[in-house]
Amino acid sequence: MTAHSPESPSPARPSAAAPARRRVLSGLGGGAALAVATATTASAAPTSAAGAPATATPAVMAAAVTTDPVLHLLRRATFGPTPALVAEVRTTGTTAWLDAQLAPLTKVPDTAMDTMLGRWTRLGWKTWEVRERLEGGDTWTVMMDLVEAHLARALFSRRQLLETVVDFWTNHLVVTVPSSEVWDSSHLFQRDVIRKHALGKYSDMLNAAARHPSMLKVLDNADSTKKAPNENYGRELLELHTVGVGKFTEADVKMSALALTGLSVDSESGLYYYRPNRRHVGTVKVLGWSDPNATPENGSAVATLYLNYLANHPATANRIATKLVTRYVSDTPPATLVTKLAQVYLANGTAIAPVLRALFLSPEFVASAGQKIRTPYEDALASCRILGLTPEPVPAAGVTSDLRGLFWQMGTFGQAPMGWPAPNGYPDVAAAWNGASSTLNRWNFHLGLAGNWTLKAMKRPDVTTLVPTPLPTTYAALVDALAAKLLITLTTAQRDAICRFVDHAPGDALKAGAAAVTWRLPSIVALLLDSPNFATR
Numbered sequence: 174m175t176a177h178s179p180e181s182p183s184p185a186r187p188s189a190a191a192p193a194r195r196r197v198l199s200g201l202g203g204g205a206a207l208a209v210a211t212a213t214t215a216s217a218a219p220t221s222a223a224g225a226p227a228t229a230t231p232a233v234m235a236a237a238v239t240t241d242p243v244l245h246l247l248r249r250a251t252f253g254p255t256p257a258l259v260a261e262v263r264t265t266g267t268t269a270w271l272d273a274q275l276a277p278l279t280k281v282p283d284t285a286m287d288t289m290l291g292r293w294t295r296l297g298w299k300t301w302e303v304r305e306r307l308e309g310g311d312t313w314t315v316m317m318d319l320v321e322a323h324l325a326r327a328l329f330s331r332r333q334l335l336e337t338v339v340d341f342w343t344n345h346l347v348v349t350v351p352s353s354e355v356w357d358s359s360h361l362f363q364r365d366v367i368r369k370h371a372l373g374k375y376s377d378m379l380n381a382a383a384r385h386p387s388m389l390k391v392l393d394n395a396d397s398t399k400k401a402p403n404e405n406y407g408r409e410l411l412e413l414h415t416v417g418v419g420k421f422t423e424a425d426v427k428m429s430a431l432a433l434t435g436l437s438v439d440s441e442s443g444l445y446y447y448r449p450n451r452r453h454v455g456t457v458k459v460l461g462w463s464d465p466n467a468t469p470e471n472g473s474a475v476a477t478l479y480l481n482y483l484a485n486h487p488a489t490a491n492r493i494a495t496k497l498v499t500r501y502v503s504d505t506p507p508a509t510l511v512t513k514l515a516q517v518y519l520a521n522g523t524a525i526a527p528v529l530r531a532l533f534l535s536p537e538f539v540a541s542a543g544q545k546i547r548t549p550y551e552d553a554l555a556s557c558r559i560l561g562l563t564p565e566p567v568p569a570a571g572v573t574s575d576l577r578g579l580f581w582q583m584g585t586f587g588q589a590p591m592g593w594p595a596p597n598g599y600p601d602v603a604a605a606w607n608g609a610s611s612t613l614n615r616w617n618f619h620l621g622l623a624g625n626w627t628l629k630a631m632k633r634p635d636v637t638t639l640v641p642t643p644l645p646t647t648y649a650a651l652v653d654a655l656a657a658k659l660l661i662t663l664t665t666a667q668r669d670a671i672c673r674f675v676d677h678a679p680g681d682a683l684k685a686g687a688a689a690v691t692w693r694l695p696s697i698v699a700l701l702l703d704s705p706n707f708a709t710r
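As numbered in the numbering used here, residues 174 to 710 make up the sequence shown, in order.
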């Protein structure tokens, strides 16, 4: 466990266990954090939402959550509010900000981010270029560029809602990165499938995914033939990408696989290639859809009809709506909102932007403050954003970038971006992420950020800039002021627990040069980031 040691007169890097830290975290979280800290067994990455320990729940954390509509919206629709962003939204209004975010390419200038993306020129390489330049060498190069750019956008882009939606779809149409199967094409899958259609029509995204080499390889459709149909993609298309479990039969899976035969990859170029010689011919029937599928040459068009049917299926509408509500509203999605959003999805031809607008303007969303907890990935991003980290300079040749380092650190939390190895995606419920190992790694990360010991190339204001001028007169006032700067709302009991951590009563007089505003300040800031209040999305 991180050591916020009260005895050391100089900052120490995370090291030994600290019982005092466990005690103050117990005070911050009503016992939930202590249960996590003292757990004897836990996994850094959950195997399933259902099987994960539920040591902390939204109900435990709801008492100290602000209902400020601006903060509520920004906690859900971004990777973490910042004081500057809060001020911007208070000026423009939540609805105007939301509408601009739903049309980001035309309404949200992002010049600094666009310039920064110029660092990763290899992300513009075509598949054949990646093969030609890297085959036999470092085949992870472009994939690492991809995750670095993905993190940079999440941290620094002004198009924050788009980035959260890109993350949502990345976790829905899963192509694991890094992976040897997609070393030459995953960056194009992100660009041409996920990012291009994130706020567009799901039917377009689904068709693009079905014809992308990354998806065709990962789910084995590239090798599926009429004589030996591979059912992997046909099944996952139904189970994960569209209608969901319980909505289809094994006969539907077999027909689904036949309806997709011929959609393949050219082995020489690595590009999508339709192979009529592999196409099954004859009537195909899946759920309520059928087609005579009379000729191999027309097979690609039949596949399009099938994919469009699935994208527009009421069960798909319900499933997409449920997942969006789970992501942005509550771990237990209100049925009324799911039904409403499914209707919006179908009425708008599978377009996602109208669904999101209806979601964020719904009474169910307004009432949902405190009902979502940040995943480890979101927690790390929010911590970097609230502490004001800025983009690092272009690293020198041979120097590992901070963004690459952040990617590996997120792996220790159990949630490296794009890193989930199964096709069902990372879970997005609180119970999945309360393992002790992941939690302790996040706590250590908070202290490293606050003490400027980690991600040092990404500059940030010194934590002393969080201390108001003039100096607060009491320790209680100091903790309240720090929490306000970090956009955290504390209960009186939580504030008092932090005061006790620095060996003072809340009403004790605070003097210039005190440990709480010098060498112990990073520990106090880290404790605030450790709190369930900050973890609440």
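Every residue, glycine too, gets a C-beta built ideally from N, C-alpha and C.
Asked                                                                                                                                                                             : Found
Which word fits residue 450, buried or exposed, when buried means at least 16 other C-beta atoms lie within 10 angstroms of its C-beta?                                           : exposed
Quickly, what does DSSP pair residue 436 with across the bridge? List them, please.                                                                                               : 447
Can you tell me where the alpha helix (DSSP H) holding residue 390 begins and where it ends?                                                                                      : 386–391
Nearest by alpha-carbon distance to residue 333: which of 310, 271, 299 is it?                                                                                                    : 271
Can you tell me whether DSSP reads residue 601 as helix, strand or coil?                                                                                                          : coil
Considering only their Cβ atoms, is the gap separating residue 346 from residue 300 smaller than 8 Å?                                                                             : no
Rounded to the nearest angstrom, what separates residue 571 and residue 303 at their Cα positions?                                                                                : 20 Å
Tell me whether the stretch 688–702 and the stretch 657–670 touch, counting them as touching only if at least three CB pairs, one residue from each stretch, are closer than 8 Å. : yes
Assuming residue 249 and residue 501 form a contact by the criterion Cβ under 8 Å, report the distance between their Cβ atoms to the nearest whole angstrom.                      : 5 Å
What span of residues does the alpha helix (DSSP H) with residue 496 cover, start to end?                                                                                         : 487–501
Have a look at residue 702 and residue 320 and give me their C-alpha separation to the nearest angstrom.                                                                          : 25 Å
For residue 551, which of 533, 584, 476 has the nearest alpha-carbon?                                                                                                             : 584
Take the Cβ of residue 735 as the centre, count every other Cβ of all protein chains shown within 10 Å, and call the residue buried at 16 or more, exposed below.                 : Outside the shown range of the chain (174 to 710) lies residue 735, about which nothing can therefore be said.
Rounded to whole angstroms, how far is the Cβ of residue 524 from the Cβ of residue 511, which I believe are closer than 8 Å?                                                     : Contact flag wrong, Cβ pair sits at about 17 Å.
Going by Cα to Cα distance, which pick from 274, 553, 649, 563 is closest to residue 633?                                                                                         : 563
Can you check which of these residues, 348, 407, 621, is closest to residue 734 by C-alpha distance?                                                                              : What the structure shows of the chain is the stretch from 174 to 710, and residue 734 is not part of that stretch, so it cannot be assessed.
Output needed for residue 482: all residues of its chain with C-beta closer than 6 Å, excluding positions within five of it in sequence on either side, in chain order.           : 462
Go ahead and pull the three-state DSSP assignment for residue 268.                                                                                                                : helix
Quick one: what does DSSP say residue 457 is sitting in, helix, strand or coil?                                                                                                   : strand
Counting C-beta neighbours from all protein chains within 10 Å, is the total for residue 465 16 or more, i.e. buried, or is it exposed?                                           : exposed
Of all the options 636, 546, 444, 645, which has the alpha carbon lying nearest to the alpha carbon of residue 681?                                                               : 645
My assumption, with CB atoms under 8 Å, is that residue 569 sits in contact with residue 580. Please give the rounded CB distance.                                                : Residue 569 to residue 580, Cβ: 19 Å. No contact.
With residue 298 as the anchor, note down where its alpha helix (DSSP H) starts and where it stops.                                                                               : It is not in any alpha helix (DSSP H) - residue 298 carries neither H nor E in the DSSP assignment.
Who are residue 462's beta bridge partners in DSSP?                                                                                                                               : 459
Run through the DSSP bridge pairs and tell me what residue 524 is partnered with.                                                                                                 : 374
Just how far apart, CA to CA, sit residue 366 and residue 531?                                                                                                                    : 24 Å
Thinking C-alpha only, which one of 309, 653, 433 is nearest residue 405?                                                                                                         : 433
Determine the closest residue to residue 251 out of 555, 445, 627, 617, with distance taken between C-alpha atoms.                                                                : 555
Which value, in whole angstroms, describes the spacing of the CA atoms of residue 685 and residue 640?                                                                            : 11 Å
When you compare only the Cα positions, how much space is there between residue 674 and residue 616?                                                                              : 16 Å
Quick check on residue 661: does DSSP put it in helix, strand or coil?                                                                                                            : coil
Looking at C-alpha atoms only, which residue of 560, 311, 504 is the closest neighbour of residue 538?                                                                            : 504
Would residue 513 and residue 541 be called neighbours here (beta carbons separated by less than 8 Å)?                                                                            : no
Buried or exposed: where does residue 676 fall if 16 or more other Cβ atoms within 10 Å of its Cβ makes it buried?                                                                : exposed
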